[in-house]
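In numbering that gives the first Met the number 0, the protein residues as written are 0 to 401. We put the CB at the ideal spot given by N, CA and C, even for glycine. Quick caveat: nothing in here was measured; it's all calculated off a predicted structure. A short write-up of the structure that comes next.
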Amino acid sequence: MDKPAQKAPRLPSPTLQSVGEIYAKCLNVLEGLRNQAIQDGGVRQSPRFPITRVADLVGRTTAAIREAEKDGRIAAVERTSTGRRVGYTLAEVNQMREAFGTRPWRDADDPVSIIAVQNFKGGVGKSTVSAHLAQYLAIRGYRVCLVDCDSQGSSTALFGYVPDLDIHEDETLYPFFRNMEMTSLAYAVRETHWDNLYLVPANLKLYSAEYELAARISRSEPRLLNRLAEGLASISDHFDVIVLDPPPALGTISLSVMRAANALLVPMPPTVIDFSSTTTFLAMLYETLQLLEERHFPVDFSWIRFVATRADEQKSMQRELLGLMRNLFGDKMLRTVLRDSAEIDNASARLMTIYELPSPVTSRETYVRGLTYLNGVNDEIETQIRMGWPSHAERLRAEGKL
Ligand SMILES: Nc1ncnc2c1ncn2[C@@H]1O[C@H](COP(=O)(O)OP(=O)(O)O)[C@@H](O)[C@H]1O
Ligand SMILES: [Mg+2]
Numbered sequence: 000m001d002k003p004a005q006k007a008p009r010l011p012s013p014t015l016q017s018v019g020e021i022y023a024k025c026l027n028v029l030e031g032l033r034n035q036a037i038q039d040g041g042v043r044q045s046p047r048f049p050i051t052r053v054a055d056l057v058g059r060t061t062a063a064i065r066e067a068e069k070d071g072r073i074a075a076v077e078r079t080s081t082g083r084r085v086g087y088t089l090a091e092v093n094q095m096r097e098a099f100g101t102r103p104w105r106d107a108d109d110p111v112s113i114i115a116v117q118n119f120k121g122g123v124g125k126s127t128v129s130a131h132l133a134q135y136l137a138i139r140g141y142r143v144c145l146v147d148c149d150s151q152g153s154s155t156a157l158f159g160y161v162p163d164l165d166i167h168e169d170e171t172l173y174p175f176f177r178n179m180e181m182t183s184l185a186y187a188v189r190e191t192h193w194d195n196l197y198l199v200p201a202n203l204k205l206y207s208a209e210y211e212l213a214a215r216i217s218r219s220e221p222r223l224l225n226r227l228a229e230g231l232a233s234i235s236d237h238f239d240v241i242v243l244d245p246p247p248a249l250g251t252i253s254l255s256v257m258r259a260a261n262a263l264l265v266p267m268p269p270t271v272i273d274f275s276s277t278t279t280f281l282a283m284l285y286e287t288l289q290l291l292e293e294r295h296f297p298v299d300f301s302w303i304r305f306v307a308t309r310a311d312e313q314k315s316m317q318r319e320l321l322g323l324m325r326n327l328f329g330d331k332m333l334r335t336v337l338r339d340s341a342e343i344d345n346a347s348a349r350l351m352t353i354y355e356l357p358s359p360v361t362s363r364e365t366y367v368r369g370l371t372y373l374n375g376v377n378d379e380i381e382t383q384i385r386m387g388w389p390s391h392a393e394r395l396r397a398e399g400k401l
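This is how it looks when you write it as structure tokens:
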């Protein structure tokens, strides 16, 4: 009798092998970019602010700040060997806010603001808007948590991580979705190089959660749609604002995001294709809200805003569409548009935001223009957030914003 043929070890097919090789090379490139973004001392650093900017951020004059430094109420800032101030870190700015009593935190009775930056299309600027909004709010002194709900981990990457290398699935939302015994999401909330800005990172494994959740929800556990809301409730006492960056599709995670959020920000580039897909998004949103209501998980957004992203007003077609959008959405559309900015692109190529660029990559003018539009958009959102906090009503009136 013939000996049974020995089973040849299974070799990966050439296709599999070549995809694997390309993947490894890409990871290498990302690792290099991540390492470049690490500054002195081997860690990423958030920006420093000159004293004139600090005065504006803290709400006191430069003279008052110098006075407080002199009499020791606040720590004196580091100086160079020539006696020049190095600039204040965000942590130092926040210490000043504490000393001067100008922290803008919500009162315990004000509801935490949970903003879903959602559109079911990819590439519309969700992650860009989410990361920049979170950092802007941190600069303004709020306690912020950015939750990356997308397995592609773009927001996570903008904080200098290579999701596939640096993040383990146990550090993401994944375990919380899987394990109903868990009662707190605190395990996934990590500090960032920004004072008072925390991140729940994502990596590819979160993609499995989509399927697992879908299967369990359709079997018998509709309560799972509430899981993210439960997780956020377990950490919300520590924050003023939670920003959710969801995946670009209508799946169980996106449903959970809708359920967990109390405000909706829809980024939308002013092109016909994006307008069309946003219209589809609205149809799906309508059905989603209906479904959640039927399942006794009603969604209650205290505000919905549309923001034009990646806009180029030089293009007549875009100008026309912007006009149309303004007519359609009325005051639900932010007045400021987020322009397509070479500096935002340049920053993201360095796994950073424009708020972190140590100096302009193209020209000072392009950089300042990018920042101006971004700050305009974020300022409008900040007002929207504060309008939801009764303790801020008085101040908003005094600032002429109500
Ligand atoms: N205003 C902008 N100016 C220039 N580039 C932008 C702008 N907004 C987004 N981008 C770029 O477009 C790409 C997709 O943006 P991203 O925020 O990841 O979209 P999404 O999260 O909706 O998929 C990224 O490369 C990002 O850097
Ligand atoms: Mg994204």
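Please tell me whether, using a cut-off of 6 Å, the distance from the CB of residue i to the nearest non-hydrogen atom of ligand 2 is below it.
| i | result |
| --- | --- |
| aspartate 273 | no |
| aspartate 147 | no |
| serine 207 | no |
| serine 153 | yes |
From the DSSP output, in three-state form, read off residue i for me.
| i | result |
| --- | --- |
| phenylalanine 238 | coil |
| valine 265 | strand |
| aspartate 149 | coil |
| isoleucine 37 | coil |
| arginine 294 | coil |
| methionine 283 | helix |
| valine 116 | strand |
| arginine 43 | coil |
| methionine 332 | strand |
| valine 78 | It is worth fixing the name first, because residue 78 is arginine in this sequence and not valine. Arginine 78 falls in the strand class under three-state DSSP. |
| arginine 402 | Lying outside 0 to 401, the shown extent of the chain, residue 402 is not represented and no answer is given. |
| arginine 338 | strand |
| leucine 323 | helix |
Considering only DSSP beta bridges, list what residue i is partnered with.
| i | result |
| --- | --- |
| phenylalanine 48 | Tyr87 |
| tryptophan 104 | Note: tryptophan 104 sits in no beta bridge, so no partner. |
| arginine 258 | Arginine 258 is not bridged to any residue. |
| aspartate 244 | Asp147 |
| leucine 198 | Leu145 and Arg189 |
| alanine 307 | Met267 |
| tryptophan 302 | Ala262 |
What is the rounded straight-line gap between the Cα of residue i and the Cα of residue j?
| i | j | result |
| --- | --- | --- |
| arginine 72 | glycine 100 | 12 Å |
| arginine 33 | lysine 125 | 21 Å |
| aspartate 70 | isoleucine 64 | 10 Å |
| alanine 185 | asparagine 195 | 15 Å |
| glycine 31 | isoleucine 166 | 16 Å |
| isoleucine 252 | glutamate 77 | 45 Å |
| glutamine 229 | threonine 182 | Looking at the sequence provided, one finds glutamate at residue 229 rather than glutamine. Going by the C-alpha atoms only, they are around 8 Å apart. |
| glutamate 319 | glutamine 313 | 11 Å |
| leucine 223 | valine 306 | 30 Å |
| threonine 382 | arginine 396 | 11 Å |
| asparagine 345 | aspartate 239 | 30 Å |
| leucine 157 | threonine 88 | 20 Å |
Is there at least one non-hydrogen atom of ligand 1 closer than 6 Å to the beta-carbon of residue i?
| i | result |
| --- | --- |
| glycine 375 | no |
| serine 340 | yes |
| isoleucine 380 | no |
| threonine 127 | yes |
| arginine 349 | no |
| valine 28 | no |
| isoleucine 343 | yes |
| leucine 337 | yes |
What distance in whole Å lies between the Cβ atoms of residue j and residue i, which are believed to be in contact at a cut-off of 8 Å?
| i | j | result |
| --- | --- | --- |
| valine 116 | valine 242 | 7 Å |
| methionine 267 | threonine 308 | 6 Å |
| leucine 198 | leucine 132 | In fact, because the Cβ distance is near 13 Å, the residues do not count as touching under 8 Å. |
| aspartate 299 | asparagine 326 | Incorrect: roughly 27 Å between the Cβ atoms, too far for contact. |
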